[in-house]
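In terms of this note's numbering, the sequence shown opens at residue 565 and continues consecutively.
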Amino acid sequence: MLTLLERSRIALFAIDEAHCVSQWGHDFRSDYLQLSLLHEQFPSIPRIALTATADGKTRQEITKRLGLEAAELFISSFDRPNIRYRIVQKQNAKQQLLDFIRSEHAGDAGIVYCLSRKKVDATADWLNTQGITALPYHAGMDSAARQRHQQQFLHREGLVMVATIAFGMGIDKPNVRFVAHLDLPKSIEAYYQETGRAGRDGLPANAWMAYGLQDVLTLRQMLAGSGAGDSQKRLEYHRLDAMLALCEQVGCRRQALLAYFGDDLKAPCGNCDTCLEPVQTWDASVPAQQALSCIYRTGQRFGANYLIDVLLGKTNERITGFGHHRQSTFGIGKNLDEKQWRSIFRQLVARNLVAVDFDNFGAFRLTEACRPILRSEQALMLRKDLLPAKLASAKKPQSLGHRDSPLWEALRAKRRTLAEAQNVPPYVIFTDATLMAMLEQLPQNHRELKQIPGIGERKLELYGDEFLSVLSEFSSPQGTDNTASDTAGESLALFRLGYNVMQIARQRELKAETVYSHLAQHIRLGQLALTEVIDLPEPEIRHIEDVILNLPEGQKHTLKPVFEHFQGQYSYSLLRCVQAALAFQTA
């Protein structure tokens, strides 16, 4: 490789995902250390290192290892204001995920992250049985299957990818509307990177996660059993603790997330769960003392399930066998239910007031930090977990304009048809943001369409008439002005001079369908008679009008049902003109 580089005329070395060179970073890869050869072997060639997830310490290591100490440092904001962050307490995680997708993201593209390959496969299968089109992706699949699924995700709309963290690097699909986590990420850096794959088009998106006590226990057990050295383990525990603190956050979750990266958000964001539904706290000092005392009096040998049974006074063979039904903590916690006790233990572990002994089957042990709580020297305020039903009703889905309208679906269908014809992902034609702007602004000609963000000269030339045809098909008589567009006026002038539609289309380098849509504007305004434009017997015109008038209210201004009713006997152009004449008559 070095020989090839020496023979080439290199203008710049660009090192992407530069955090991978840092052992402090969350995704260290030893191969990246070899990149130090670049500044040693090619000192005169400029280098740029890029990363989206590096805190201060990681940035320092990047500059040192890549020999960039003298380089300029450019840091943009970590804030992604269009993403709504939400973390819910696990009850039935799969059902919670399904409810979230159905209520807020039906038909949307999304990514669901799971910790294990087995869980990926099971979740994808289950979502498919529930009517959500989903594909699995993990390192245990052969490379051909992974590549096939990745291409399907890029090219198809409304597909959900269920994946391990193996999926996502290099994925730049802009209209991923949600990223969901069914398991806790190992660090805030990983969480930020994975959630950042949502909403890259700038439109509203969701980062949703279900989190519970078992997540904490699983990740800590994985860390304890890893072959990493002590210093590396301490580093990983530090990252996990920061992630847990984000999950248990009482104030604005976005402020806490950005603060981790040294990015100061002055005021609460108003677009995260803790802002939209402020967290209630309660003085849990006494229940915490009861829980800690129960851990101690049962010999620091048991996990949450057993301890909760003791606190609730449940008599079973195991408890009586150990004699714990005679302990003072037996039944002392009957004023709280099992879910509340599970929440308390989760937060005690998250705050490092309780440690987990994985050499002793996950038994809970007291830490030095819990002494002030036990001695009543310090109060303990904990989160009050909301019930799932209350939480769901409190959160309104983010608005994506008129995304449920027939026009939105028609614009997406046109984009999909063009994309399939060119074998490219739909967003290559136009992004969702561009389609949304069309939906909101309803351009009627090339000049107006060119004002839409994301439409330049080339795309206007390639796709302008295609999308104007869709837009004109859904034009609402109630919403039109009493004047036609300038370009429609030009077509009318030529029509008055005796040019027919095909001649006008050739003269103006337009499609015939576009010319018909221009003439339909003037028919709607009463400036042209329908019979001047189309040659159709009166009974047939009346039949078409009857079908249009009898459409359901939500379809009054779309022609697709009419076209399908007549099984394609009449063109959209003809139907559009009849619709326009009817609009003039009923205005």
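Think of the CB as a built atom: it goes at the ideal place given N, C-alpha and C, for glycine as much as any other residue.
>> Do Q785 and F922 count as a contact pair if the criterion is CB distance below 7 Å?
In response: Taking the sequence shown and counting its residues from 1, the one referred to as residue 922 is at position 358. Taking the sequence shown and counting its residues from 1, the one referred to as residue 785 is at position 221. Yes, they are a contact pair.
>> Taking 8 Å as the limit between beta carbons, can you name the residues of its chain near L998, skipping five residues before and five after?
In response: Numbered from 1 along the sequence shown, position 434 holds the residue referred to as residue 998. The question names Leu, yet the displayed sequence has Thr at residue 998. The answer, listed in chain order, is I1016, P1017, G1018 and I1019.
> For S857, which residues from the same chain have a beta carbon less than 6 Å from its beta carbon, with the 5 sequence-adjacent residues on both sides left out?
Replying inline: In the sequence shown, the residue the question calls residue 857 occupies position 293. Same-chain partners within the cutoff: T893.
> Who are the Cβ neighbours of R573 in its own chain at under 7 Å, not counting the five residues just before and after it?
Replying inline: As a working mapping, residue 573 is identified with position 9 in the sequence shown. Nothing meets the Cβ criterion.
> Taking Cβ to Cβ, would you say E721 is nearer than 7 Å to V743?
Replying inline: Here the question's residue 721 lines up with position 157 in the sequence shown. Here the question's residue 743 lines up with position 179 in the sequence shown. Contact flag unset, no.
> Nearest CA to the CA of G766: which residue from W846, T1122 and D736?
Replying inline: Taking the first residue of the sequence shown as position 1, residue 766 is located at position 202. For G766, the closest alpha carbon among the candidates W846, T1122 and D736 is that of D736.
>> Tell me the residue span of the beta strand (DSSP E) that contains A578.
In response: For the purposes of this step, residue 578 is taken as the residue at position 14 of the sequence shown. Per DSSP, A578 belongs to the beta strand (DSSP E) from F577 to I579.
> Would you call the region 890-908 and the region 932-949 touching, i.e. three or more CB-CB distances under 8 Å?
Replying inline: Yes, the region 890-908 touches the region 932-949.
> If you check the beta carbons only, do A688 and V726 fall under 7 Å apart?
Replying inline: Taking the sequence shown and counting its residues from 1, one reaches residue 688 at position 124. Taking the sequence shown and counting its residues from 1, one reaches residue 726 at position 162. Yes, the Cβ-Cβ distance between A688 and V726 is below 7 Å.
> When DSSP labels each residue in this structure, what does I1152 get in the three-state scheme?
Replying inline: An answer regarding residue 1152 cannot be provided, because it is not within the stretch 565 to 1151 covered by the chain.
>> I'd like to know if the region 573-587 and the region 616-626 are in contact, where contact means that at least 3 CB-CB pairs between them fall below 8 Å.
In response: Under the Cβ criterion (8 Å, minimum of three pairs), the region 573-587 counts as touching the region 616-626.
> Taking the alpha carbon of T879 as the point to measure from, which residue in L871, Y870 and H889 has its own alpha carbon closest?
Replying inline: Reading the sequence shown from its first residue, position 315 is the one you call residue 879. Closest by alpha carbon: H889.
> Under the three-state reduction of DSSP, which class applies to R882: helix, strand or coil?
Replying inline: Taking the first residue of the sequence shown as 1, we reach residue 882 at position 318. For R882, the three-state secondary structure derived from DSSP is helix.
> Where V1142 and L1094 are concerned, what is the direct C-alpha to C-alpha distance, given to the nearest angstrom?
Replying inline: Taking the first residue of the sequence shown as position 1, residue 1142 is located at position 578. Taking the first residue of the sequence shown as position 1, residue 1094 is located at position 530. So the alpha carbons of these two residues sit roughly 7 Å apart.
> Got a sec, what are the start and stop residues for the alpha helix (DSSP H) Y677 sits in?
Replying inline: Numbered from 1 along the sequence shown, position 113 holds the residue referred to as residue 677. From DSSP, Y677 is part of no alpha helix (DSSP H) but of the beta strand (DSSP E) over A673 to Y677.
>> Taking DSSP's pairing of strands, which residues face Q714 in a bridge?
In response: For the purposes of this step, residue 714 is identified with residue 150 of the sequence shown, where counting begins at 1. BP columns for Q714 are empty, so no partner.
>> For K654, which residues in the same chain have their Cβ closer than 7 Å to its Cβ, ignoring the five residues on either side in sequence?
In response: One-based indexing of the sequence shown puts residue 654 at position 90. So the list reads A774, Y775 and G776, once near-sequence residues are dropped.
> Helix, strand or coil for V920 per DSSP?
Replying inline: Working through the sequence shown from its first residue, we reach residue 920 at position 356. It is a strand residue.
> Quick one: what's got a C-beta closer than 6 Å to F610's C-beta in the same chain, skipping five residues either side?
Replying inline: One-based indexing of the sequence shown puts residue 610 at position 46. Before going further, note that residue 610 is Pro rather than Phe in the sequence given. Apart from sequence neighbours up to five positions away, the residues of its chain that approach P610 with a beta-carbon distance below 6 Å are L576, ordered along the chain.
> So is P1116 buried or exposed if we call it buried at 16+ other beta carbons inside 10 Å?
Replying inline: Taking the first residue of the sequence shown as position 1, residue 1116 is located at position 552. That one is exposed.
> Which one or two residues does DSSP pair with N1064 in a beta bridge?
Replying inline: Your numbering for residue 1064 matches position 500 in the sequence shown. The partner list for N1064 (beta bridge, DSSP) is empty, contrary to what the question assumes.
>> Taking contact to mean 3 or more Cβ pairs, one atom from each stretch, closer than 8 Å, check whether the region 828-839 and the region 791-810 are in contact.
In response: The region 828-839 is not in contact with the region 791-810.
> So, do the region 1025-1038 and the region 1075-1085 have three or more beta carbon pairs nearer to each other than 8 Å?
Replying inline: Contact holds: three or more Cβ-Cβ distances are below 8 Å.
>> Rounding to the nearest angstrom, what Cα-Cα distance links L971 and D1110 in this structure?
In response: Translated into the one-based positions of the sequence shown, residue 971 becomes position 407. Translated into the one-based positions of the sequence shown, residue 1110 becomes position 546. Approximately 22 Å, taken between the alpha carbons.
>> With distance defined between alpha-carbon atoms, name the residue in R929, A769, P990 and R650 nearest to T862.
In response: As a position in the sequence shown, residue 862 is number 298, starting the count at 1. Nearest of R929, A769, P990 and R650 to T862, Cα basis: R929.
> Assuming L691 and H713 make a contact with CB atoms under 8 Å, what is their CB distance in whole Å?
Replying inline: If you number the sequence shown from 1, residue 691 lands on position 127. If you number the sequence shown from 1, residue 713 lands on position 149. Not confirmed; about 14 Å, so no contact.
> Between A852 and the rest of its own chain, which residues show a CB-CB distance below 7 Å, the 5 nearest in sequence each way excluded?
Replying inline: Counting from 1 along the sequence shown, the entry for residue 852 is found at position 288. Excluding the 5 residues flanking it on each side, A852 has same chain C-beta neighbours closer than 7 Å at I908, L912, I937 and L944, in chain order.
> For V726, does the three-state DSSP call read helix, strand or coil?
Replying inline: Counted from its first residue, the sequence shown places residue 726 at position 162. Note: V726 maps to strand in three-state DSSP.
> Just checking, does the region 662-678 make contact with the region 779-793 on the three C-beta pairs under 8 Å criterion?
Replying inline: Under the three-pair Cβ rule at 8 Å, the region 662-678 does not count as touching the region 779-793.
>> Since C811 and C836 should fall inside the 8 Å C-beta cutoff, what is the C-beta to C-beta distance between them, to a whole number of angstroms?
In response: For the purposes of this step, residue 811 is taken as the residue at position 247 of the sequence shown. For the purposes of this step, residue 836 is taken as the residue at position 272 of the sequence shown. A Cβ-Cβ separation of about 12 Å leaves C811 out of contact with C836 under the 8 Å criterion.
>> Quick check: what's the CA-CA separation for I651 versus M1066?
In response: Position 87 of the sequence shown, counted from the start, is the residue given in the question as residue 651. Position 502 of the sequence shown, counted from the start, is the residue given in the question as residue 1066. Looking at the two C-alpha atoms, the distance is approximately 59 Å.
>> Just verifying my parser: in three-state terms, what is the DSSP assignment at T773?
In response: Looking up residue 773 in the sequence shown gives position 209. Residue 773 is actually Met in this sequence, not Thr. In the three-state reduction of the DSSP assignment, M773 falls in the strand class, which pools E and B.
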